[in-house]
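Since the structure comes first, as structure tokens, the remarks are kept for the end.
Number of protein chains: 2
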Amino acid sequence: MATYRVGILGATGAVGAEIRQLLAERQFPVGELRLLASPRSAGQTLAFAGESLPVRPVSASELQNLDIVLASAGGSVSREWAPVAVQQGAVVIDNSSAFRLEPGVPLVVPEVNPQALQNHRGIIANPNCTTILLCVVIYPLHQAQSIQRVVVATYQSASGAGARAMQELLRQTQQILENQPATTEIFPYPLAFNLFPHNSPCNDQGYCQEELKMIQESRKIMGLPALRLTATCVRVPVLRAHSEAVNLEFSQPFPVAKAQEILGNSPGVELVENWQNNYFPMPIHASGKDAVLVGRIRQDLSHPCGLDLWLCGDQIRKGAALNAVQIAEYLIQKNWL
Amino acid sequence: MATYRVGILGATGAVGAEIRQLLAERQFPVGELRLLASPRSAGQTLAFAGESLPVRPVSASELQNLDIVLASAGGSVSREWAPVAVQQGAVVIDNSSAFRLEPGVPLVVPEVNPQALQNHRGIIANPNCTTILLCVVIYPLHQAQSIQRVVVATYQSASGAGARAMQELLRQTQQILENQPATTEIFPYPLAFNLFPHNSPCNDQGYCQEELKMIQESRKIMGLPALRLTATCVRVPVLRAHSEAVNLEFSQPFPVAKAQEILGNSPGVELVENWQNNYFPMPIHASGKDAVLVGRIRQDLSHPCGLDLWLCGDQIRKGAALNAVQIAEYLIQKNWL
Numbered sequence: 001m002a003t004y005r006v007g008i009l010g011a012t013g014a015v016g017a018e019i020r021q022l023l024a025e026r027q028f029p030v031g032e033l034r035l036l037a038s039p040r041s042a043g044q045t046l047a048f049a050g051e052s053l054p055v056r057p058v059s060a061s062e063l064q065n066l067d068i069v070l071a072s073a074g075g076s077v078s079r080e081w082a083p084v085a086v087q088q089g090a091v092v093i094d095n096s097s098a099f100r101l102e103p104g105v106p107l108v109v110p111e112v113n114p115q116a117l118q119n120h121r122g123i124i125a126n127p128n129c130t131t132i133l134l135c136v137v138i139y140p141l142h143q144a145q146s147i148q149r150v151v152v153a154t155y156q157s158a159s160g161a162g163a164r165a166m167q168e169l170l171r172q173t174q175q176i177l178e179n180q181p182a183t184t185e186i187f188p189y190p191l192a193f194n195l196f197p198h199n200s201p202c203n204d205q206g207y208c209q210e211e212l213k214m215i216q217e218s219r220k221i222m223g224l225p226a227l228r229l230t231a232t233c234v235r236v237p238v239l240r241a242h243s244e245a246v247n248l249e250f251s252q253p254f255p256v257a258k259a260q261e262i263l264g265n266s267p268g269v270e271l272v273e274n275w276q277n278n279y280f281p282m283p284i285h286a287s288g289k290d291a292v293l294v295g296r297i298r299q300d301l302s303h304p305c306g307l308d309l310w311l312c313g314d315q316i317r318k319g320a321a322l323n324a325v326q327i328a329e330y331l332i333q334k335n336w337l
Numbered sequence: 001m002a003t004y005r006v007g008i009l010g011a012t013g014a015v016g017a018e019i020r021q022l023l024a025e026r027q028f029p030v031g032e033l034r035l036l037a038s039p040r041s042a043g044q045t046l047a048f049a050g051e052s053l054p055v056r057p058v059s060a061s062e063l064q065n066l067d068i069v070l071a072s073a074g075g076s077v078s079r080e081w082a083p084v085a086v087q088q089g090a091v092v093i094d095n096s097s098a099f100r101l102e103p104g105v106p107l108v109v110p111e112v113n114p115q116a117l118q119n120h121r122g123i124i125a126n127p128n129c130t131t132i133l134l135c136v137v138i139y140p141l142h143q144a145q146s147i148q149r150v151v152v153a154t155y156q157s158a159s160g161a162g163a164r165a166m167q168e169l170l171r172q173t174q175q176i177l178e179n180q181p182a183t184t185e186i187f188p189y190p191l192a193f194n195l196f197p198h199n200s201p202c203n204d205q206g207y208c209q210e211e212l213k214m215i216q217e218s219r220k221i222m223g224l225p226a227l228r229l230t231a232t233c234v235r236v237p238v239l240r241a242h243s244e245a246v247n248l249e250f251s252q253p254f255p256v257a258k259a260q261e262i263l264g265n266s267p268g269v270e271l272v273e274n275w276q277n278n279y280f281p282m283p284i285h286a287s288g289k290d291a292v293l294v295g296r297i298r299q300d301l302s303h304p305c306g307l308d309l310w311l312c313g314d315q316i317r318k319g320a321a322l323n324a325v326q327i328a329e330y331l332i333q334k335n336w337l
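If you read the sequences in order, they're chains A and B. Each residue of the first sequence is one higher than the one before, starting from 1 at the first, in full-length UniProt numbering. Each residue of the second sequence is one higher than the one before, starting from 1 at the first, in full-length UniProt numbering.
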């Protein structure tokens, strides 16, 4: 069986760590694994498949002789190094927002639009976490009956801002329990026992970057350039899974039983509905899972063609690392590297 | 100046404590204050205006010779004792859901429908907390231009389930920080670093009681029996303020500047929007405030006549205790007791 030379750029971050774990867990055909990071983060050693590997500072020479680079080191690092890796023969699957909306760059959720991978030019973009979770759930419904409009409110965990943000939430929580003021470094405001609209900058229309990503990326992934979608993105004091309250409008009524049947049989989705016990998707149960959990599917009482549903997914896993690894697996399977 | 004999039924709960504080803070004309609770909770003494008052077990005789009873001891207690108090001459302002939808019982948010108080028959219902916060904000907009449909997702704090639920959240948080399993007593699932759809029972259509309250009570309060409203209610690990992501549809476009102007001048509402610093309403800043904070008002990109907005309000205060005290003040002012 062929093996591949894999680089993880941003190996010391939360997503980088998850990618490393997933490569081992899914027995990805790794021939060589190179752990790369910014000079600031390089120097430590990390475990992989029983071995201890050094984290090296990213450079052109470190990006030579790689088949696949899984990048999750932020937009500016990707903008600088992804083209270098591609020029030297690698395919880069990039977690940042740097290339997502660039024409010619596939933006892929494997359960939704894997065929977009075929004509890549070296860089493939991994979508925004909140968008991935949404598309995995709503696309199968859209295939059955065309979606007219989406209104979504998110409940996003600290992990979306990285490992240090998760530490910050834990530290702030401890501070508050000890009656000390909560100190902030990563987030602009305390997150412990609090929540706030997503702190990415707002445009002139009042939408923050995170919300615009959901709108623009959903359109590109689902191939619906005119999809009507509005979002309110909110950061909540949860460690690592994102949740979303989703209202969907179709052009005709969508029976709840049909939606349940479709989502119960959709790849990457797990239907979690126990109406008797009021048991539905929750972050603590979505954390560490591959599937996006969906439940509370019901006919919208305010719209004859509306459906309401609720979903939770592991932001680090399906929202980032797993989706990227799945893309790599698909490329290998189709021989599209 | 006339003074009034006031009873607080449920004096030992979170809302009861807040009512006691508000009566003092707002210099409510209290002639006599009687603190009442279930036999289980009675016995302790609580402070009011420099005095130490006993909490007595509720009984017919304890409900004699009162002008106003502010009840927040749950539906079954209200169903048993509110009629007794009324029969003996008191006006009962009841925080439970027992009488809210009963024809002839005013369901009042003083900023919205104070005139409904005029024809009360002794019992006045204080609405559900989430509903109060919503109505205070959307009613002024509706007065300018008729609302066609509301899609709302809530972020509800532990306080909505009472003081013991707040203690449970703190205890669970401590347990998790100490790597112990989070134990549950009040909520069915751990709330610390987690969230879940509101745990009130769901009906056959998949709506939980909390969501149905929002639908039915909003209609009654705003006098719009056919208002189209859908809600997804979610409990989040916040101590005492509720937040809501609200999508509004009007019959024609509603300019953002007009909405900002209206809400900037509406009673009980405070416009909190600093787009540069990404500073909008947050639970920690809404806590302890009388006003409902609103911000992130923007044209809905998915609907030509849509507006999105974000609000936070103190669930114990305006969501319960303050609204009840305001009702009492209004009755006194109008001489409608």
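Cβ coordinates follow ideal geometry from the N, Cα and C atoms, glycine included.
For His-142(A), which residues of its own chain have a beta-carbon under 8 Å away from its beta-carbon, when the five flanking residues on both sides are left out? Taking the first sequence and counting its residues from 1, one reaches residue 142(A) at position 142. Only Met-222 and Leu-224 meet the Cβ criterion.
List, in chain order, every chain B residue whose beta-carbon is nearer than 8 Å to that of Tyr-330(A). Here residue 330(A) is taken as the residue at index 330 of the first sequence, counted from 1. Result: empty, since nearest Cβ-Cβ is about 31 Å, beyond 8 Å.
Go through its chain and collect everything with a Cβ distance to Ala-163(B)'s Cβ below 7 Å, but skip five positions before and after it. Translated into positions along the second sequence, residue 163(B) becomes position 163. The beta carbon of Ala-163(B) sits closer than 7 Å to those of Gly-13 and Ala-14, all from its chain and outside the five residues before and after it, given in chain order.
For Ser-41(B), which residues in the same chain have their Cβ closer than 6 Å to its Cβ, ignoring the five residues on either side in sequence? Here residue 41(B) is taken as the residue at index 41 of the second sequence, counted from 1. Taken in chain order, the residues that qualify are Thr-12.
Look at the alpha carbon of Ala-291(B) and the alpha carbon of Leu-271(B), and state the distance between them as a whole number of angstroms. Taking the first residue of the second sequence as position 1, residue 291(B) is located at position 291. Taking the first residue of the second sequence as position 1, residue 271(B) is located at position 271. Those two C-alpha atoms are separated by around 9 Å.
Unbroken stretches of the alpha helix (DSSP H), 4 residues or longer, contained in the stretch 272-299 of chain B: Those alpha helix (DSSP H) runs which fall completely within the stretch 272-299 of chain B and span 4+ residues are 283-286.
Thr-230(A), enclosing alpha helix (DSSP H) - first and last residue: Translated into the one-based positions of the first sequence, residue 230(A) becomes position 230. It is not in any alpha helix (DSSP H) - Thr-230(A) instead sits in the beta strand (DSSP E) that spans 228-232.
In chain order, which beta strand (DSSP E) runs of at least 3 residues are fully inside the stretch 164-228 of chain A? The stretch 164-228 of chain A contains no whole beta strand (DSSP E) run of 3 or more residues.
Could you tell me if Gln-87(A) is buried or exposed, where buried requires 16 or more neighbouring beta carbons within 10 angstroms of its beta carbon? Locating residue 87(A) in the first sequence gives position 87, where the first residue counts as 1. So Gln-87(A) ends up on the exposed side.
Just checking, does the stretch 15-26 of chain B make contact with the stretch 42-56 of chain B on the three C-beta pairs under 8 Å criterion? Flag = yes, the stretch 15-26 of chain B and the stretch 42-56 of chain B touch.
Within 7 Å: the Cβ of Ala-47(A) and any heavy atom of the ligand GDP? Looking at this structure, you won't find the ligand GDP or any other ligand, since it has none at all.
Do Leu-35(B) and Ile-8(B) have their C-beta atoms within less than 8 Å of each other? Within the second sequence, the letter at position 35 stands for residue 35(B). Within the second sequence, the letter at position 8 stands for residue 8(B). Yes, the pair counts as a contact, with Cβ atoms nearer than the cut-off.
By how many angstroms is the C-alpha of His-198(B) removed from the C-alpha of Arg-56(A)? Numbered from its first residue, the first sequence carries residue 56(A) at position 56. Numbered from its first residue, the second sequence carries residue 198(B) at position 198. If I take the Cα positions, the gap works out to 47 Å.
Does Gly-16(A) pass the burial test, meaning 16 or more other C-beta atoms within 10 Å, or should it be called exposed? For the purposes of this step, residue 16(A) is taken as residue 16 along the first sequence, with counting starting at 1. Classification of Gly-16(A): buried, given that the 10 Å Cβ count is 16 or more.
Length-filtered (3 minimum) beta strand (DSSP E) runs lying within the stretch 94-162 of chain A: Every unbroken stretch of the beta strand (DSSP E) spanning 3 or more residues and falling wholly within the stretch 94-162 of chain A is given here in chain order: 123-125 and 147-155.
Out of curiosity, what's the CA-to-CA distance linking Thr-183(B) and Ala-259(A)? Working through the second sequence from its first residue, we reach residue 183(B) at position 183. Working through the first sequence from its first residue, we reach residue 259(A) at position 259. Distance between the alpha carbons of Thr-183(B) and Ala-259(A): 35 Å.
Does the beta-carbon of Gly-264(B) have 16 or more other beta-carbons within 10 angstroms, so that it is buried, or is it exposed? The sequence position of residue 264(B) within the second sequence is 264, counting from 1. It counts as exposed.
Return no unless some Cβ of chain B is closer than 8 Å to the Cβ of Asn-274(A). Numbered from 1 along the first sequence, position 274 holds the residue referred to as residue 274(A). Asn-274(A) does not count as touching chain B.
According to the Cβ coordinates, are residue 355(A) and Leu-293(A) closer than 8 Å? In the structure as shown, chain A starts at 1 and stops at 337, and residue 355(A) therefore has no counterpart that could be examined.
From Tyr-139(B) to Trp-336(B), what does the alpha carbon distance come to, in whole angstroms? Residue 139(B) sits at position 139 when you count from the first residue of the second sequence. Residue 336(B) sits at position 336 when you count from the first residue of the second sequence. One alpha carbon belongs to Tyr-139(B), the other to Trp-336(B), and they sit about 24 Å apart.
Closer than 8 Å is the cut-off here; do at least three beta carbon pairs connect the stretch 199-207 of chain A with the stretch 115-134 of chain A? Segments in contact, no.
Looking only at its own chain, which residues have a Cβ that is under 7 Å from the Cβ of Met-282(B), when we skip the five neighbours before and after it? Along the second sequence, one-based indexing puts residue 282(B) at 282. The answer, listed in chain order, is Cys-312.
Which chain A residues are close to Leu-195(B), counting only those with a beta carbon under 8 Å from its beta carbon? Locating residue 195(B) in the second sequence gives position 195, counting from the first residue. Those are Tyr-155, Val-236, Val-238, Ser-243, Met-282 and Pro-283, listed as they occur along chain A.
For Arg-235(A), which residues does DSSP report across the bridge? Position 235 of the first sequence, counted from the first residue, corresponds to residue 235(A). DSSP lists Gln-156(A) and Phe-196(A) as partners of Arg-235(A).
In terms of residue numbering, what span does the beta strand (DSSP E) encompassing Leu-337(A) cover? For the purposes of this step, residue 337(A) is identified with residue 337 of the first sequence, where counting begins at 1. Judged by DSSP secondary structure, Leu-337(A) falls outside any beta strand (DSSP E); it is assigned neither H nor E.
If you draw a straight line from the alpha carbon of Leu-63(A) to that of Ser-96(A), how long is it in whole angstroms? Reading the first sequence from its first residue, position 63 is the one you call residue 63(A). Reading the first sequence from its first residue, position 96 is the one you call residue 96(A). The C-alpha of Ser-96(A) is placed about 18 Å away from the C-alpha of Leu-63(A).
Can you list, in chain order, the residues of its chain with a C-beta nearer than 8 Å to that of Leu-325(B)? Leave out the 5 residues immediately preceding and following it. Taking the second sequence and counting its residues from 1, the one referred to as residue 325(B) is at position 325. Looking at the sequence itself, residue 325(B) is Val, so the reference to Leu does not match. Cβ within range, chain order: Ile-19, Leu-22, Leu-23, Arg-26, Phe-28 and Leu-70.
From Gln-216(B), Ile-93(B) and Pro-114(B), residue whose alpha carbon lies closest to that of Ala-321(B): The count along the second sequence starts at 1 and reaches residue 321(B) at position 321. Of Gln-216(B), Ile-93(B) and Pro-114(B), the residue nearest in Cα terms is Ile-93(B).
Label Glu-102(A) either buried or exposed according to how many other C-beta atoms from any shown protein chain fall within 10 Å of its C-beta, with 16 as the threshold for buried. Residue numbering aside, residue 102(A) sits at position 102 when the first sequence is read from its first letter. Sixteen is the threshold: since fewer than 16 other Cβ atoms of the shown chains lie within 10 Å of the Cβ of Glu-102(A), the residue is exposed.
Which residues of chain B have a Cβ atom closer than 9 Å to the Cβ of Ile-106(A), listed in chain order? Here residue 106(A) refers to the residue found at position 106 when the first sequence is read from its first residue. A small correction: the amino acid at residue 106(A) is Pro; Ile does not occupy that position in the sequence shown. Under the 9 Å cutoff, chain B gives no residues; its nearest Cβ is about 25 Å from Pro-106(A).
Hey, could you find the ends of the alpha helix (DSSP H) Ser-76(B) is sitting in? For this step, residue 76(B) is matched to residue 76 along the second sequence. For Ser-76(B), the enclosing alpha helix (DSSP H) has its first and last residue at 75-87.
Under three-state DSSP, which class holds Gly-16(A)? The sequence position of residue 16(A) within the first sequence is 16, counting from 1. Note: Gly-16(A) maps to helix in three-state DSSP.
Tell me whether Asn-323(B) sits in a helix, a strand or coil according to DSSP, three-state version. Sequence index remark: in the second sequence, residue 323(B) carries index 323 (1-based). The answer is helix: DSSP assigns Asn-323(B) an H, G or I state.
With C-beta atoms as the reference, is Leu-195(A) less than 8 Å away from Val-246(A)? Counting from one through the first sequence, the residue named residue 195(A) turns up at place 195. Counting from one through the first sequence, the residue named residue 246(A) turns up at place 246. Their beta carbons are not under 8 Å apart, which means Leu-195(A) does not touch Val-246(A) by this criterion.
Any C-beta of chain B under 8 Å from that of Thr-184(A): Position 184 of the first sequence, counted from the first residue, corresponds to residue 184(A). For Thr-184(A), no Cβ of chain B is located within less than 8 Å of the residue's own Cβ.
Considering only C-alpha positions, which residue in the set Leu-66(B), Val-91(B), Gly-89(B) and Ala-98(B) is nearest to Glu-80(B)? Looking up residue 80(B) in the second sequence gives position 80. Among Leu-66(B), Val-91(B), Gly-89(B) and Ala-98(B), the Cα nearest to that of Glu-80(B) belongs to Ala-98(B).
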